[in-house]
Amino acid sequence: MTFDSFLQNLANGISLGSLYALIAIGYTMVYGILRLINFAHGDLVMLGSYFAFYGVSMFFLPWWAAFIFAIAVTAGVGVVMEKVAYRPLREFPRINLFTAAVAVSFLLENLAIVIFGGRPKAFSRPPFLDKMLNIGSITFVSYTPIIIGVSLVLFVGLILIINHTKAGTAMRALSKDIETTGLMGVNTNKIIMFAFLLGSCLAAVGGILWAIKFPQINPLMGVMPGLKAFVAAVLGGIGNVGGAMIGGLLLGIVEIMLVAFFPSLSGYRDAFSFSILILLLLFRPTGIMGEVQPEKV
Amino acid sequence: MSSIGQENNFSVEMEDIVLRFPGVLANDHVNFTLKRGEIHALLGENGAGKSTLMNVLSGLYRPESGTIKINGKTIIFNSPKDAIASGIGMVHQHFMLVPTLTVTENILLGLDEPKFIMNLPKYNSKIGELQEKYGLKVDPTAKIWQLSVGEQQRVEILKMLYRGVDILILDEPTAVLAPQEIEDLMETMSALVAQGKSIIFISHKLNEVQQVADRLTVLRKGKVTAEGIPVEGLTRTQLAELMVGREVIFRIEKHHKEPGEVVLKVSNLSAENSRGLPAVKDVSFTIREGEILGIAGVAGNGQSELVEAITGLRPCTGSICINGQEVANQSPRAGMKCGMAHIPEDRTGVGTAPNISITGNAIMKNYRQEPISNGWRINYPAADEHASGLKDLYDIQAPSVNTQARKLSGGNLQKLILAREISCDPKLIVAMQPTRGLDVGAIESIQNLLLEQRSNGAAILLLSEELEELFELSDRIAVIYEGELVGQLDADQADLNTVGMMMTGSLRSDE
Chain A
0 MTFDSFLQNL ANGISLGSLY ALIAIGYTMV YGILRLINFA HGDLVMLGSY FAFYGVSMFF
60 LPWWAAFIFA IAVTAGVGVV MEKVAYRPLR EFPRINLFTA AVAVSFLLEN LAIVIFGGRP
120 KAFSRPPFLD KMLNIGSITF VSYTPIIIGV SLVLFVGLIL IINHTKAGTA MRALSKDIET
180 TGLMGVNTNK IIMFAFLLGS CLAAVGGILW AIKFPQINPL MGVMPGLKAF VAAVLGGIGN
240 VGGAMIGGLL LGIVEIMLVA FFPSLSGYRD AFSFSILILL LLFRPTGIMG EVQPEKV
Chain B
0 MSSIGQENNF SVEMEDIVLR FPGVLANDHV NFTLKRGEIH ALLGENGAGK STLMNVLSGL
60 YRPESGTIKI NGKTIIFNSP KDAIASGIGM VHQHFMLVPT LTVTENILLG LDEPKFIMNL
120 PKYNSKIGEL QEKYGLKVDP TAKIWQLSVG EQQRVEILKM LYRGVDILIL DEPTAVLAPQ
180 EIEDLMETMS ALVAQGKSII FISHKLNEVQ QVADRLTVLR KGKVTAEGIP VEGLTRTQLA
240 ELMVGREVIF RIEKHHKEPG EVVLKVSNLS AENSRGLPAV KDVSFTIREG EILGIAGVAG
300 NGQSELVEAI TGLRPCTGSI CINGQEVANQ SPRAGMKCGM AHIPEDRTGV GTAPNISITG
360 NAIMKNYRQE PISNGWRINY PAADEHASGL KDLYDIQAPS VNTQARKLSG GNLQKLILAR
420 EISCDPKLIV AMQPTRGLDV GAIESIQNLL LEQRSNGAAI LLLSEELEEL FELSDRIAVI
480 YEGELVGQLD ADQADLNTVG MMMTGSLRSD E
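From first to last, the protein sequence lines are chains A and B.
Just so you know, we're using numbering that gives the first Met the number 0 here: the first sequence kicks off at 0 and counts up by one.
Just so you know, we're using numbering that gives the first Met the number 0 here: the second sequence kicks off at 0 and counts up by one.
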């Protein structure tokens, strides 16, 4: 393989990895605060792309307005999900919350089949995302740098929010100790809602970018990206936002490189991702960035 | 002086406060006043209603009746936020801090200001100014987990000062501190008062109250027994009497007793600590019937490991004989069979199972014996009867024997442990820190129980950080330093100075 094709594959890997990372952040933020693996998170990705699709095809919005519309509505779904399905169960054993998450996931998928129809739909990209770009001898489609760029801006923005705003500080406090943080005068409900809002926005962006990259959408399209993003979150150390980014990028790059170097193995791509997870968990159970913390008694 | 002028002298006036918990009258028509710029000590045994009264003042509980006046104005608090708005802030025994955040972040958390962006450098310097003013040194950019307990306490105080609090309630602030940190806290308290703040200091340590407080109020079983009397001129005995309601004899009556046969013989005992480093090095001693051997030492010099090795909780080398029976490296039950009783340092982790009932805890050692054991099952009525017998005999204050052990106060929990251990008629008692953290009344009864066992002919190994206690109770005193016994003295011949020098490793005497 030439150096050029390596670079090209690297760019593809980073763009796929950024998508994984965007989705993984939602998993990891919710886990960090509630110790809940929100299995419905992947379905928010699906909703994001559908809302963008209908924004353009049904309401004839310009693409940017359709995207904003899709992000807003998905975020609304995420917040309602927290309020209706998770908040009433917060005081109960974790398993109840987890079961509710699986139920919400099935609910969203089946609602999507009923409302949007089970047949796949073609997602049309804005025209400027369809061009071929040549840099030196490398060729790629113009959405690749856009995906990387948008993700990068969102990552930086999120890190700034978490480290330098009051809500972000409260989120970090909550993830350490919900009870104490509540006693310190923080409105925990508001902050948890804020975390779901952020996660859902990122999932919607992930969904729109996913549909741009793979322009065929269907009601179950969120399942695989959701699972992969979950792997990425665990890989990076679940509960750790920086870890989710690193885990996502790593998974994307490794997947693309595997297919590029061993084209005959491309059918085993998903099996390979999950094997990485199992291997890593054997040697570093808390993930790449995960801190080793003793179990709370 | 006009009466109005006097009224204005008070920043807090609580009148006729009544608060009831299920089955307990926690505050029974309590009056309490705090003058501006004073340190007012609130004294009482565990469970006397001190914390309850202060939780009323800080807005956590609402009283059933009674009035609260702040600076002469009647006020009703609905939440701690209301109390803070009126200038009252409480520093609880358990700190409310998030360990992974910085000092500044912890102070700002839960406030309306800043609204969205945390401009940390700006607030760091604001908090720096506050520190300068009150002499509370702690790095605002440090994370809480990096700080010592004393520093964390300063953060809690800063948090309250940042919220503009004028009246500080400190709930047993010295209980968690090292001696040097206690000195620092006392200085801080004086500095705060000099700047016009008023402090309510909850404590049951008499010497601290005498050192720092201007006036004091004493609560006993929910009632005020002394209201706002000046501290100056009061003796320790008078203070103790006010708290306990009867005379407390600080010099315990100890009768001379000729020691009998050797009960415990420890020879060449060595053990490692949990990190695999040698913690007990070649220790040998004996204890006879009716004799108390006190082991003095600065915490962390191998005391815990020594006790764990003797009680069968830690592997060791060397020999441990109880009445001629070798028990080293055997299960704790082997020791128990030889008549060993263990009063552990960690009352809730080792001494009791906090989530099960008093009965469950009381029968932990004798559940295999008739009539509690019914062959293969436990006879619960008999177990309850056994437990209530102990409860009455040892005066354990609790609603019933079905109460969970964790709901007992420290003193009552320790009495439960002693009741269980002593009721087995032990030949040997290993007691570590048996009176730590208890109030004077409980200390007195625990010490008397130990002396009673000595009269009954038990051999007692007593480890304590309270030298005074060791001197009063022990027949002989040994000093442990870095895992070695550096000297054994007769208690009548030992003096504080010699033992103190041995504890710091600057003197050895091998008898």
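All C-beta atoms, glycine included, are put in the ideal place defined by N, C-alpha and C.
Quick caveat, the model's predicted, so the values are computed rather than measured.
| request: Report, in whole angstroms, the separation of the C-beta atoms of Asp438 of chain B and His255 of chain B, which I expect to be a contact under 8 Å. | output: Between His255 of chain B and Asp438 of chain B the Cβ distance is about 29 Å, and since that is not below 8 Å, they are no contact.
| said: If you reduce the DSSP assignment to three classes, tell me which class Asn30 of chain B lands in. | reply: Secondary structure at Asn30 of chain B: strand, using DSSP grouped into helix, strand and coil.
| request: Pick helix, strand or coil for Arg283 of chain A, following the three-state DSSP scheme. | output: Here Arg283 of chain A sits in coil by DSSP.
| message | Buried or exposed, going by whether 16 or more other CB atoms sit within 10 Å of the CB of His93 of chain B? | response | The Cβ neighbour count for His93 of chain B, taken over all protein chains shown within 10 Å, is under 16; the residue is labelled exposed.
| said: Taking 8 Å as the threshold (beta carbon to beta carbon), is Leu108 of chain B in contact with chain A? | reply: Under the Cβ criterion of 8 Å, Leu108 of chain B is counted among the residues facing chain A.
| request: Give, in chain order, every residue of the segment 65 to 94 of chain B whose Cβ lies closer than 7 Å to some Cβ of chain A. | output: If the cut-off is 7 Å between Cβ atoms, the segment 65 to 94 of chain B has Lys80 near chain A.
| query | Do you know how far the Cα of Val262 of chain B is from the Cα of Arg453 of chain B? | reply | Answer to the nearest angstrom: the Cα atoms are 12 Å apart.
| So with Cβ pairs under 8 Å, would you call Val97 of chain B a contact of chain A? | For Val97 of chain B, the answer is yes, since a Cβ of chain A falls inside 8 Å of its Cβ.
| query | Count the other CB atoms within 10 Å of the CB of Tyr19 of chain A; is the residue buried (16 or more) or exposed (fewer)? | reply | Under this definition Tyr19 of chain A is a buried residue.
| field | Same chain only: Cβ atoms within 7 Å of Leu119 of chain B, ignoring 5 sequence neighbours per side | value | Thr103, listed in sequence order.
| said: Tell me the rounded alpha-carbon separation between Glu90 of chain A and Asn328 of chain B. | reply: Whole-angstrom Cα-Cα distance: 44 Å.
| field | Backbone CA spacing between Ala295 of chain B and Val211 of chain B [nearest angstrom] | value | Those two C-alpha atoms are separated by around 29 Å.
| field | Closer than 7 Å at the beta carbon, the chain A residues around Met117 of chain B | value | What Met117 of chain B touches in chain A, judged by beta-carbon distance under 7 Å, is His163, Thr164, Lys165, Thr168, going in chain order.
| Of all Cβ atoms in chain A, is any one closer than 8 Å to the Cβ of Leu417 of chain B? | So no, Leu417 of chain B is outside the interface.
| Collapsed DSSP secondary structure at Tyr393 of chain B in the structure displayed | Three-state result, Tyr393 of chain B: coil.
| task | Measure from the C-beta of Leu182 of chain A to each C-beta in chain B and report whether the shortest distance is under 8 Å. | result | So yes, Leu182 of chain A belongs to the interface.
| Along chain B, in chain order, which residues have C-beta atoms closer than 9 Å to that of Lys175 of chain A? | Correct list: Val97, Pro98, Thr99, Leu100.
| query | Expressed to the nearest angstrom, what Euclidean distance is found between the alpha-carbon atoms of Thr236 of chain B and Ile199 of chain B? | reply | Computed Cα separation, rounded: 22 Å.
| Minimum Cβ-Cβ distance from Glu104 of chain B to chain A less than 8 Å | Answer yes: the Cβ-Cβ gap between Glu104 of chain B and chain A drops below 8 Å somewhere.
| message | Taking the beta carbon of Ser473 of chain B as the centre, do at least 16 other beta carbons fall within 10 Å, making it buried, or is it exposed? | response | Label assigned to Ser473 of chain B: buried.
| field | Arg171 of chain A: contacting residues in chain B (beta-carbon distance under 9 Å) | value | Chain B residues near Arg171 of chain A: Val97, Thr99, Leu100, Glu104.
| request: Would you please verify whether the beta carbon of Thr179 of chain A is less than 8 Å from any beta carbon of chain B? | output: Taking 8 Å as the threshold, the shortest C-beta distance from Thr179 of chain A to chain B falls below it.
| field | Pair within 8 Å by beta-carbon distance, Met363 of chain B and Leu427 of chain B | value | Cβ atoms of Met363 of chain B and Leu427 of chain B: not closer than 8 Å.
| chain A beta carbons: is any one of them nearer than 8 Å to that of Pro113 of chain B? | Taking Cβ atoms only, chain A reaches closer than 8 Å to Pro113 of chain B, which makes this a yes.
| Cross-chain neighbours of Ala185 of chain A in chain B, by beta carbon under 9 Å | What sits at residue 185 of chain A in the sequence shown is Val, not Ala. Result: Leu108, Gly109.
| task | Have a look at Lys49 of chain B and Gly127 of chain B and give me their C-alpha separation to the nearest angstrom. | result | When the Cα atoms are used, Lys49 of chain B and Gly127 of chain B turn out to be separated by approximately 33 Å.
| query | Does the distance from the C-beta atom of Leu484 of chain B to that of Ala477 of chain B stay below 8 Å? | reply | Note that the C-beta distance between Leu484 of chain B and Ala477 of chain B is below 8 Å.
| With DSSP run on the structure shown, which of helix, strand or coil describes Val326 of chain B? | Residue state for Val326 of chain B is assigned as coil, using DSSP reduced to three classes.
| query | What's the gap between the Cα of Ala397 of chain B and the Cα of Leu250 of chain A? | reply | Each residue's alpha carbon lies about 59 Å from the other.
| task | Identify whether Asn8 of chain B lies in helix, strand or coil by the three-state DSSP scheme. | result | Asn8 of chain B falls in the coil class under three-state DSSP.
| Taking the alpha carbon of Asp183 of chain B as the point to measure from, which residue in B:Leu205, B:Ser197, B:Gln151, B:Asp27 has its own alpha carbon closest? | The option with the nearest alpha carbon to Asp183 of chain B is B:Gln151.
| said: Just list the residues that DSSP pairs His203 of chain B with in beta bridges. | reply: Per DSSP, His203 of chain B has no beta bridge partner at all.
| task | Compare the beta carbon distance of Gly246 of chain A and Ala232 of chain A with 8 Å and say whether it is the shorter of the two. | result | It is a contact, given that the beta carbons lie within the stated cut-off.
| said: Taking the beta carbon of Lys295 of chain A as the centre, do at least 16 other beta carbons fall within 10 Å, making it buried, or is it exposed? | reply: In this predicted model, Lys295 of chain A has a pLDDT of only 34, less than 50, meaning its place in the structure is not dependable enough to derive any value.
| task | Leaving aside the five residues before and after Ile177 of chain A along the sequence, list all residues of the same chain whose C-beta is less than 7 Å from its C-beta, in chain order. | result | So the qualifying residues of the chain are Thr187.
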